[in-house]
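Residue numbers (this note's numbering): 3 to 483.
What follows is a short report on a single structure.
What follows is the structure, encoded as structure tokens:
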């Protein structure tokens, strides 16, 4: 007449539990039963079977021998107006013979058409036979193997989920400016794909992302910067054009040049003071000239230092770049009296960067993270459900007009999932303040950036329009202001 399934839960080794997972009751079909947990002890019928591995075939569950540890919980019967008479409880075992669950059958009816009530249960039921116990034991064994397979699949999913989250944490630990970026991009990408599913006409009308494809897109979004593990931290988290140690080195040079100028001026004034050929008025006039020259040189030195500081954190005009180039031709003598340039070629190259903080060489290293991601991830033997993940990541920096990287692919060669990821990545990059040299944009300003890229045939215009019209950005709590 009725049956239930319990699963053993040992997620907390200190307090193992039995989870009530499913039930069926022919005489009480409309009773709603929710999942619950009971302690895994020998005091309950299911707990006893799960712990001992023994079967229980009870003709009358209300009248049990006094020397057994288990008892029927009559509260269940009282709650739904039921009466449990005959009971068959069997362990569901995995391939190692361990009990991973319990199958419990209640009230062996004499006729399947009968509906049981407390008044007729004595006459309408009978004990389970030995033959029935053997047959049900076989079914319980098959159920146990099926449950184990599902648990294994769930365990693998949880394992991969943990690997993904740990990988993201490792990446973002190296680059604190991007903290939370992967999670936000995954939320945006999945929501945009879900909105694509709701489109009934147009270029996107025939597209439908399955649950599997949505999960694949989510993982691709979470791992899209995986290759950054191979990018040096000096490039990955470069806040200004010059590294702190480079700026300190230049500051030391300027200090040395200033001290040298002051020493040379002082030396010249001393020679002037002891010169017998010059009159007092001539010496005074020349001393003033020396002081003026020193002041002019120090002022020019300070002006040059200010230009370096400004160039280190901002974009430059053509005239400022020319000033830097002229400055780089200036030489000084170091403490060993060797002639050195005030700016090294590498420092000049860094300071001349017009946008951002990376030189062309550094940007090439940074952009290599996409190829690195692909090379790392394609080595993983992905399941069929995730087989396109490496390619999605490999193409998310490509642009429809062929101006992207690393392969310069054009529209027809870029998967739709990668186009979605590109929009999500771009939006979060400009709104989250993910780089110290870039201010975060408002939602409206970010949408303008997306529209401009769509108009320039870099981003998919249909997807950008959908992103804005369906307010996909609201998944991050952005209000569109």
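Beta carbons: idealized from backbone N, C-alpha and C, even for Gly.
field: When 73, 244, 218 and 392 are compared against residue 345, the one with the closest alpha-carbon
entry: Counting from one through the chain shown, the residue named residue 345 turns up at place 343. In terms of CA proximity to residue 345, 244 leads the group 73, 244, 218 and 392.
- prompt: Short check: CB of residue 226 to CB of residue 60, under 8 Å?
  reply: As a position in the chain shown, residue 226 is number 224, starting the count at 1. As a position in the chain shown, residue 60 is number 58, starting the count at 1. By the CB criterion at 8 Å, residue 226 and residue 60 fall outside the cutoff.
- prompt: Closer than 7 Å: is that where the CB of residue 299 sits relative to any heavy atom of the ligand FMN?
  reply: Ligands in the displayed structure: none, and consequently the ligand FMN is not present.
Stretch pair the stretch 81–89 + the stretch 117–126: three plus CB contacts closer than 8 Å: Touching, per the Cβ criterion.
message: Quick test of the definition: if touching needs 3 or more C-beta pairs under 8 Å, does the stretch 387–403 touch the stretch 213–232?
response: Segments in contact, yes.
task: Please determine, among 475, 458, 459 and 460, the residue with the shortest C-alpha to C-alpha distance to residue 448.
output: Working through the chain shown from its first residue, we reach residue 448 at position 446. Nearest neighbour of residue 448 by Cα position, chosen from 475, 458, 459 and 460, turns out to be 475.
- prompt: When you compare only the Cα positions, how much space is there between residue 282 and residue 274?
  reply: Here the question's residue 282 lines up with position 280 in the chain shown. Here the question's residue 274 lines up with position 272 in the chain shown. Residue 282 and residue 274: Cα-Cα distance of roughly 10 Å.
field: Rounded separation between residue 256 and residue 354 - CA only
entry: What you label residue 256 is simply residue 254 of the chain shown in a count that begins at 1. What you label residue 354 is simply residue 352 of the chain shown in a count that begins at 1. So the two alpha carbons sit approximately 19 Å from each other.
query: Looking only at DSSP bridge pairs, what is residue 103 linked to?
result: In the chain shown, residue 103 corresponds to position 101, counting from 1. When DSSP reads this structure, residue 103 sits in a beta bridge with 9 and 94.
field: Whole-angstrom C-beta distance between residue 454 and residue 483, which should lie under 8 Å
entry: The residue you call residue 483 lines up with position 481 of the chain shown. The residue you call residue 454 lines up with position 452 of the chain shown. That belief does not hold up - the Cβ atoms of residue 483 and residue 454 are roughly 19 Å apart, past 8 Å.
query: So residue 40 packs on residue 34, CB below 8 Å; how close in whole Å?
result: As a first step, residue 40 must be located in the chain shown, where it is residue number 38. As a first step, residue 34 must be located in the chain shown, where it is residue number 32. Not a contact, Cβ separation roughly 19 Å.
query: Between 76, 154, 193 and 481, which lies nearest to residue 64 when the distance is taken from Cα to Cα?
result: Numbered from its first residue, the chain shown carries residue 64 at position 62. The candidate whose alpha carbon is nearest that of residue 64 is 76.
message: Check this for me: beta carbons of residue 365 and residue 317, under 8 Å apart or not?
response: Numbered from its first residue, the chain shown carries residue 365 at position 363. Numbered from its first residue, the chain shown carries residue 317 at position 315. With respect to the 8 Å criterion, residue 365 and residue 317 are not classified as neighbours on the basis of their beta carbons.
task: For residue 284, I'd like the list of residues in its chain whose CB is within less than 8 Å of its CB, leaving aside the five on either flank, ordered along the chain.
output: Reading the chain shown from its first residue, position 282 is the one you call residue 284. Cβ neighbours of residue 284 beyond the five flanking positions: none.
message: For residue 339 and residue 169, I'd like the C-alpha separation in whole angstroms.
response: Counting from 1 along the chain shown, the entry for residue 339 is found at position 337. Counting from 1 along the chain shown, the entry for residue 169 is found at position 167. Looking at the backbone, the Cα of residue 339 and that of residue 169 are separated by about 51 Å.
query: Taking C-alpha atoms, which residue in 147, 68 and 36 lies nearest to residue 22?
result: As a position in the chain shown, residue 22 is number 20, starting the count at 1. Minimum Cα distance to residue 22 is reached at 36.
task: Grab the span of the alpha helix (DSSP H) containing residue 333 for me, first residue to last.
output: Numbered from its first residue, the chain shown carries residue 333 at position 331. Not the alpha helix (DSSP H): residue 333 falls in the beta strand (DSSP E), residues 333–335.
- prompt: Can you name, in chain order, every residue of its own chain whose Cβ lies under 6 Å from the Cβ of residue 198, other than the five neighbours on each side?
  reply: Taking the chain shown and counting its residues from 1, one reaches residue 198 at position 196. Its chain contains 206 and 209 as the residues whose beta carbon lies nearer than 6 Å to that of residue 198, once the 5 sequence neighbours on both sides are disregarded; these appear in chain order.
- prompt: Opposite residue 127 in the DSSP bridges: which residues?
  reply: Locating residue 127 in the chain shown gives position 125, where the first residue counts as 1. DSSP output for residue 127 lists 111 as bridge partner(s).
query: With distances taken from CA atoms, which of 349, 158 and 188 is nearest residue 313?
result: In the chain shown, residue 313 corresponds to position 311, counting from 1. Of the candidates 349, 158 and 188, the residue whose Cα lies closest to the Cα of residue 313 is 349.
- prompt: What separation, rounded to the nearest whole angstrom, lies between the Cα atoms of residue 144 and residue 155?
  reply: Sequence index remark: in the chain shown, residue 144 carries index 142 (1-based). Sequence index remark: in the chain shown, residue 155 carries index 153 (1-based). Residue 144 and residue 155 have their C-alpha atoms some 17 Å from each other.
- prompt: For residue 269, which option in 293, 254, 249 and 279 has the closest C-alpha, if you only look at C-alpha atoms?
  reply: For this step, residue 269 is matched to residue 267 along the chain shown. That would be 293, whose Cα lies nearest to the Cα of residue 269.
Pair within 8 Å by beta-carbon distance, residue 242 and residue 315: As a first step, residue 242 must be located in the chain shown, where it is residue number 240. As a first step, residue 315 must be located in the chain shown, where it is residue number 313. Yes, they are a contact pair.
field: Whole runs of the alpha helix (DSSP H) within the stretch 41–86, excluding any shorter than 4 residues
entry: List check, alpha helix (DSSP H) in window: 47–54 and 77–82.
- request: Please name the residue in 177, 230 and 130 whose C-alpha comes closest to that of residue 112.
  value: Within the chain shown, residue 112 is the residue found at index 110, counting from 1. Selection 177, 230 and 130 evaluated against residue 112 yields 130 as nearest (Cα-Cα).
task: State the DSSP-derived secondary structure class of residue 27, mapped to helix, strand or coil.
output: For this step, residue 27 is matched to residue 25 along the chain shown. In the structure shown, the three-state DSSP call for residue 27 is strand.
message: As a quick exercise: from 43, 30 and 261, pick the residue whose alpha carbon is nearest that of residue 485.
response: Outside the shown range of the chain, which is 3 to 483, sits residue 485, and nothing can be said about it.
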